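*Asks:* Numbering (full-length UniProt numbering), first residue to last: 1 to 254.
Think of the CB as a built atom: it goes at the ideal place given N, C-alpha and C, for glycine as much as any other residue.
These figures come from a predicted structure and were not determined experimentally.
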């Protein structure tokens with residue numbers, strides 16, 4: 001009978017407040033920062049805070065205006081621009097230079113997205129286990145190195161390999177941006193911010209068109225215009241990865 005009573009008490013036990021306590025080591029810096037406070041913001045204070053966050057978070061993802069949200073949109077623009085370099089390179093002579101057939105050229109576009117799809121899962125796991133900004137910076141840096149390697153490729157096999165690696169690095173960008181947006185914005189604010197940095201995809205195509213037009217008129221021995229395109233976009237991406245490493249804030253406490 002006593003055993004039955006003990007089991008009944010365990011089933012109906014209501015955990016005390018102390019049993020619900022969570023160690024500081026189990027929460028992020030933002031949660032530790034506000035723990036034990038009942039601070040509330042006025043609408044004016046919340047607006048000023050949002051503008052300050054926009055200054056630090058949005059520029060690398062997208063640019064609403066030169067004041068409040070103008071370097072993170074740069075990443076969206078550059079990554080999409082880098083993805084579409086293959087299309088511009090076809091006009092600039094990559095198929096003749098690398099002796100590609102139409103089928104092989106199509107496979108270079110396909111393998112990028114297959115790799116992107118395969119590496120979405122491991123990249124998402126890594127983003128949960130490592131500092132988001134640092135992990136994204138590493139992937140953007142590797143992305144730039146791989147893009148620069150395109151210029152040295154003269155065969156289908158070599159281009160196939162670098163396009164595969166490019167897709168692997170790209171797998172960290174979109175989920176990384178989603179995490180960053182969720183970290184610093186409310187549900188009501190997220191939609192507009194996501195729209196801003198996706199809007200940059202269109203600007204990427206416009207910018208790349210001008211760059212392609214410029215390199216089309218370059219005439220250097222043993223270095224084709226499509227190779228210049230890869231080098232230029234690769235260098236821009238490389239610089240951006242370094243800026244992102246130092247500028248990005250990992251949490252609210254920064």
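Would you report the Cα separation of residue 125 and residue 176, rounded to the nearest angstrom?
*Replies:* Taking the straight line from one Cα to the other gives about 11 Å.
*Asks:* Can you give the Cα-Cα distance for residue 132 and residue 88, rounded to whole angstroms?
*Replies:* Rounded to whole angstroms, residue 132 to residue 88 spans 31 Å at the Cα level.
*Asks:* Quick one: what's got a C-beta closer than 7 Å to residue 205's C-beta in the same chain, skipping five residues either side?
*Replies:* Counting only Cβ-Cβ distances below 7 Å, and skipping sequence neighbours, we find 84.
*Asks:* For residue 139, count the other beta carbons within 10 Å of its own beta carbon; 16 or more makes it buried, fewer makes it exposed. Which is it?
*Replies:* Classification for residue 139: buried.
*Asks:* Note down the Cα distance separating residue 200 from residue 220, rounded to an integer number of angstroms.
*Replies:* Rounded to the nearest angstrom, the two C-alpha atoms are 32 Å apart.
*Asks:* With DSSP collapsed to three states, give me the class of residue 64.
*Replies:* With a pLDDT of 35 at residue 64, under the threshold of 50, the modelled position of this residue cannot be trusted, and the question is left open.
*Asks:* Note down the Cα distance separating residue 162 from residue 151, rounded to an integer number of angstroms.
*Replies:* Straight-line Cα distance between these residues: approximately 10 Å.
*Asks:* Is residue 236 helix, strand or coil when you go by DSSP?
*Replies:* Note: residue 236 maps to helix in three-state DSSP.
*Asks:* Residue 104 and residue 164 look like a contact to me (Cβ under 8 Å); what is the Cβ gap, rounded to whole Å?
*Replies:* No, residue 104 and residue 164 are not in contact; Cβ-Cβ is about 14 Å, not under 8 Å.
*Asks:* Tell me which residues share the same chain as residue 191 and place their Cβ nearer than 8 Å to its Cβ, disregarding the 5 neighbours each side in the sequence.
*Replies:* No residues qualify anywhere along the chain.
*Asks:* Quick one: Cα of residue 222 to Cα of residue 207, how far?
*Replies:* Each residue's Cα considered, the two are about 26 Å apart.
*Asks:* Is the beta carbon of residue 255 sitting closer than 9 Å to the one on residue 195?
*Replies:* With the chain represented from 1 up to 254, any question about residue 255 goes unanswered, as that position is not in the structure.
*Asks:* Would you mind working out which of 43, 212, 235 and 42 sits nearest residue 143, comparing C-alpha positions?
*Replies:* Residue 143 has its Cα closest to that of 235, out of 43, 212, 235 and 42.
*Asks:* Note down, in chain order, each residue of its chain lying with its Cβ closer than 7 Å to the Cβ of residue 98, except the 5 sequence neighbours on either side.
*Replies:* Excluding sequence neighbours, residue 98 sits near 153, 154, 155, 156 and 159.
*Asks:* Could you tell me the distance, in whole angstroms, from the CA atom of residue 113 to the CA atom of residue 145?
*Replies:* Approximately 19 Å, taken between the alpha carbons.
*Asks:* Keeping to the same chain, check which residues put their C-beta closer than 8 Å to that of residue 230; ignore five residues upstream and five downstream.
*Replies:* For residue 230, where only same-chain residues beyond five positions count, the Cβ hits under 8 Å are 85, 89, 147, 148, 150 and 151.
*Asks:* So is residue 204 in contact with chain C if we call contact Cβ pairs under 9 Å?
*Replies:* Within the model displayed, chain C is absent; a lone protein chain is all it includes.
*Asks:* Who pairs with residue 220 in a beta bridge, going by DSSP?
*Replies:* Answer by DSSP bridge pairing, in chain order: 223.
*Asks:* From residue 128 to residue 169, what distance separates their C-alpha atoms?
*Replies:* C-alpha separation (whole angstroms): 16 Å.
*Asks:* Going by CA-CA distance only, name the one from 225, 185 and 233 that's closest to residue 95.
*Replies:* The shortest Cα separation from residue 95 among 225, 185 and 233 belongs to 225.
*Asks:* Under three-state DSSP, which class holds residue 241?
*Replies:* Of the three classes helix, strand and coil, the one that applies to residue 241 here is helix, per DSSP.
*Asks:* Would you tell me roughly how many angstroms separate the C-alpha atoms of residue 180 and residue 209, rounded to the nearest one?
*Replies:* The straight-line gap from Cα to Cα measures roughly 30 Å.
*Asks:* In terms of residue numbering, what span does the alpha helix (DSSP H) encompassing residue 248 cover?
*Replies:* Counting along the chain, residue 248 falls outside any alpha helix (DSSP H), and DSSP gives it neither H nor E.
*Asks:* Please list the segments of the beta strand (DSSP E) lying wholly inside the region 140-228, counting only runs of 3 or more residues, in order along the chain.
*Replies:* Those beta strand (DSSP E) runs which fall completely within the region 140-228 and span 3+ residues do not exist here.
*Asks:* State the Cα-Cα distance for the pair residue 185 and residue 178, rounded to the nearest angstrom.
*Replies:* Going from the Cα of residue 185 to the Cα of residue 178 covers about 11 Å.
*Asks:* Ordered along the chain, which non-local residues of its own chain (more than five positions away) have a Cβ less than 7 Å from that of residue 108?
*Replies:* 86, 159, 160 and 163.
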